[in-house]
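Shown next, in C-alpha cells, is the structure this report addresses.
Structure, rendered in C-alpha cells:
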C-alpha cells in the first residue's frame, strides 16, 4: 500500500467524463472481521494451548450473528470479497468482530482486564492480530487491518504497534474505551505518551469505535435504552480527553479516527470545546476569576484550540452516513469524512450500499462524493487508488447512479442509513 493519494480520485469511463461514465472507488472505512473461535488456536503461543482448550470447551457465544450460518462472513475471504464487490465496495478497513481467546465478550465490548486476567487476554488479542495479518494478506491492497491493544501495559502496546506495522496492519490500532472506574489512567494522561509517539512515528491511526467505552449498566429493562442514548457520548470522550490532554500538541503527527459514532454531532461539540477552551485560557490570566484554577497551564499544554486540532489531526468514520449529516460536511471538514458500510453487521448497508450512497449523496458534487466514499480513507489508511482502479471500473457505483435521489428505501433494509427522522443530534 502507498501512503499518500489525492482525495478527489474518480475513475472515469471511455469518455473521460465522470458525470456519465465514471465510477466511484468505494472504500468502507468501517467493516468487521475475525476468526472462528477454534481457528485462533494456532496463533496462540503454545504455552496457552491447554488453557485455551479448557476455556473454549465451556465458552457459550451470546451473539446470534456469530452462531448463524452467515457467521463465516467474518473469516471467509472469498465470500467477503464477492459480497463487498456485489455491493460496490472495493476495499475495507477491518475492525474486530468475533470472540478472541479468553475474552468474556467480543473485544469491542469487553471491559479492561484485571491484573489477573491481563496475561491471557493480551495473548488472545495478539492471536487475533496475527490471524488478521494473514487474513489481510489473502487480499493484498484491499484490506487495512486494525491491530488490537490493551492499555494495562503501555510498553506491551508500543511493541505490538511496531509488530503490526512491520506485518502489514496498516489500519493502525484500536484504542480501547476507558469508562469511569476502569482501573487504568484516563486517556488524557501522559502515561500514554509512548503509545501516541509510536503511532505518530509510524503513521498508525488511532481508531476509537463506537460502543466500546460505556460503563456497565446492569440488566434492568431500561439498561438497553440507556445504553443506546449514552453509548456514543462515552465514545466521543476520547476526542476531548486527547485534545485537552495535549496529546496532539506533544505529538503533532498523531491521527485520531472516531468510527461508527455518527457525524452530525461534530460541529456542535467542537463549538462547545472551543467555548470551554477559550474561557479557561482567558480565565487563567486573571487569577480573580472562578475559572482560573481550571485553566492554569492549559494554553501551554494544549497548544492549538479544539477546532484547529480537529482539522489537523482528526477524522470521522461516518458509517452509513445519513442524509441530514451530509450538509454539515463543510463544517466537519470534507477531507475528514470517511463513509463505511459496517459489513457484516445487521445495521450495515449491505446489500443496499448503492441505495445508501444515493440517499446520502445525490446532489453532492462528484469530487466531494469521491473524497468521502474512498479518497479520504485511501489517504489516511494507505490504500493505492491506482491499484484499485481495475476493480472499481468493474464493480463501483457509477457517478450517474449515485446522483439519482432515492425515492423510497428498500423495504427490507435494516440500516439506520434509511431510517426516517434523526435530524436532532445532541451528540
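In our numbering, the protein residues as written are 3 to 429. Glycine included, C-beta positions come from ideal geometry on N, C-alpha and C.
Start-to-end residues for the beta strand (DSSP E) that takes in residue 122: In the chain shown, residue 122 corresponds to position 120, counting from 1. Run containing residue 122: none in the beta strand (DSSP E); it sits in the alpha helix (DSSP H), 120-139.
Of the listed residues 355, 382 and 357, nearest to residue 337 (C-alpha basis): Counting from 1 along the chain shown, the entry for residue 337 is found at position 335. Selected option, being the one with the closest Cα: 382.
DSSP three-state call for residue 100: helix, strand or coil? As a position in the chain shown, residue 100 is number 98, starting the count at 1. It is coil, neither helix nor strand.
Kindly indicate the opening and closing residues of the beta strand (DSSP E) around residue 147. Here the question's residue 147 lines up with position 145 in the chain shown. From DSSP, the beta strand (DSSP E) with residue 147 extends over 145-147.
Run through the DSSP bridge pairs and tell me what residue 321 is partnered with. Counting from one through the chain shown, the residue named residue 321 turns up at place 319. Its beta-bridge partners are 342.
For residue 352, three-class secondary structure by DSSP: Your numbering for residue 352 matches position 350 in the chain shown. Reduced to three states, the DSSP call for residue 352 is coil.
Using the three-state DSSP reduction, which class does residue 151 fall into: helix, strand or coil? Translated into positions along the chain shown, residue 151 becomes position 149. Here residue 151 sits in coil by DSSP.
Hey, how far is the Cα of residue 292 from the Cα of residue 219? In the chain shown, residue 292 corresponds to position 290, counting from 1. In the chain shown, residue 219 corresponds to position 217, counting from 1. Approximately 35 Å between the Cα atoms of the pair.
Using C-beta distances below 6 Å, list every residue in its chain close to residue 55, excluding the 5 sequence neighbours before and after it, in chain order. Counting from one through the chain shown, the residue named residue 55 turns up at place 53. So the list is empty, once near-sequence residues are dropped.
Kindly indicate the opening and closing residues of the alpha helix (DSSP H) around residue 60. Within the chain shown, the letter at position 58 stands for residue 60. Looking at the DSSP string, the run of the alpha helix (DSSP H) that includes residue 60 is 51-60.
Quick one: residues in its chain with C-beta nearer than 6 Å to the C-beta of residue 144, no 5 flanking neighbours on either side, listed in chain order? Residue 144 sits at position 142 when you count from the first residue of the chain shown. Cβ neighbours of residue 144 beyond the five flanking positions: 93.
Could you tell me whether the Cβ atoms of residue 321 and residue 261 are closer together than 9 Å? In the chain shown, counting from the first residue as 1, residue 321 sits at position 319. In the chain shown, counting from the first residue as 1, residue 261 sits at position 259. Yes, the pair counts as a contact, with Cβ atoms nearer than the cut-off.
Determine contact between the region 163-182 and the region 124-141, defined as no fewer than three beta-carbon pairs at a distance below 8 Å. yes
In the structure shown, what three-state DSSP assignment does residue 70 receive? Within the chain shown, the letter at position 68 stands for residue 70. Looking at residue 70 - three-state DSSP - the assignment turns out to be coil, as it is neither helix nor strand.
Residue 282 and residue 211 look like a contact to me (Cβ under 8 Å); what is the Cβ gap, rounded to whole Å? Working through the chain shown from its first residue, we reach residue 282 at position 280. Working through the chain shown from its first residue, we reach residue 211 at position 209. Going by Cβ atoms, the distance from residue 282 to residue 211 rounds to 29 Å, so no, they are not a contact pair.
Below 9 Å between beta carbons: does that hold for residue 182 and residue 245? The residue you call residue 182 lines up with position 180 of the chain shown. The residue you call residue 245 lines up with position 243 of the chain shown. No, the Cβ-Cβ distance between residue 182 and residue 245 is not below 9 Å.
Check for me: the alpha helix (DSSP H) holding residue 315 runs from which residue to which? As a working note, residue 315 is residue 313 in the chain shown. Segment 308-315, the alpha helix (DSSP H) holding residue 315.
The alpha helix (DSSP H) that contains residue 233, what's its start and end? Translated into the one-based positions of the chain shown, residue 233 becomes position 231. That run of the alpha helix (DSSP H) goes 224-246.
Spatial distance of residue 50 from residue 113 (CA atoms): As a working note, residue 50 is residue 48 in the chain shown. As a working note, residue 113 is residue 111 in the chain shown. Each residue's alpha carbon lies about 21 Å from the other.
Nearest CA to the CA of residue 122: which residue from 151, 172, 140 and 146? Taking the chain shown and counting its residues from 1, the one referred to as residue 122 is at position 120. Of the candidates 151, 172, 140 and 146, the one whose C-alpha sits nearest the C-alpha of residue 122 is 151.
Same chain only: Cβ atoms within 8 Å of residue 421, ignoring 5 sequence neighbours per side: Counting from one through the chain shown, the residue named residue 421 turns up at place 419. Closer than 8 Å at Cβ, skipping near neighbours: 324.
Sufficient close CB pairs (3 or more, under 8 Å) joining the region 151-161 to the region 215-233: no
Please name the residue or residues paired with residue 260 in a DSSP beta bridge. One-based indexing of the chain shown puts residue 260 at position 258. According to DSSP, residue 260 bridges with 210 and 318.
Take residue 190 as the anchor and find which of 81, 248, 138 and 317 has the nearest alpha-carbon. Within the chain shown, numbered from 1, the residue matching residue 190 stands at position 188. The option with the nearest alpha carbon to residue 190 is 248.
Quick one: measure Cβ to Cβ for residue 299 and residue 319, integer angstroms, because I've assumed they're closer than 8 Å. Here residue 299 corresponds to residue number 297 of the chain shown, with the count starting at 1. Here residue 319 corresponds to residue number 317 of the chain shown, with the count starting at 1. Actually they are not in contact, since the Cβ atoms of residue 299 and residue 319 sit about 33 Å apart, beyond 8 Å.
Please confirm whether residue 256 and residue 202 have their CB atoms less than 9 Å apart. The sequence position of residue 256 within the chain shown is 254, counting from 1. The sequence position of residue 202 within the chain shown is 200, counting from 1. Closer than 9 Å, so yes.
Simplified DSSP state of residue 26, which is helix, strand or coil: Within the chain shown, numbered from 1, the residue matching residue 26 stands at position 24. Of the three classes helix, strand and coil, the one that applies to residue 26 here is strand, per DSSP.
Rounding to the nearest angstrom, what Cα-Cα distance links residue 310 and residue 380 in this structure? Walking along the chain shown from the start, residue 310 turns up at place 308. Walking along the chain shown from the start, residue 380 turns up at place 378. For residue 310 and residue 380, the distance between alpha carbons rounds to 23 Å.
Are at least three pairs of beta-carbons, each pair with one atom in the region 27-43 and one in the region 404-420, less than 8 Å apart? no
Decide if residue 140 is buried, meaning its Cβ has at least 16 other Cβ atoms within 10 Å, or exposed. The sequence position of residue 140 within the chain shown is 138, counting from 1. Classification for residue 140: exposed.
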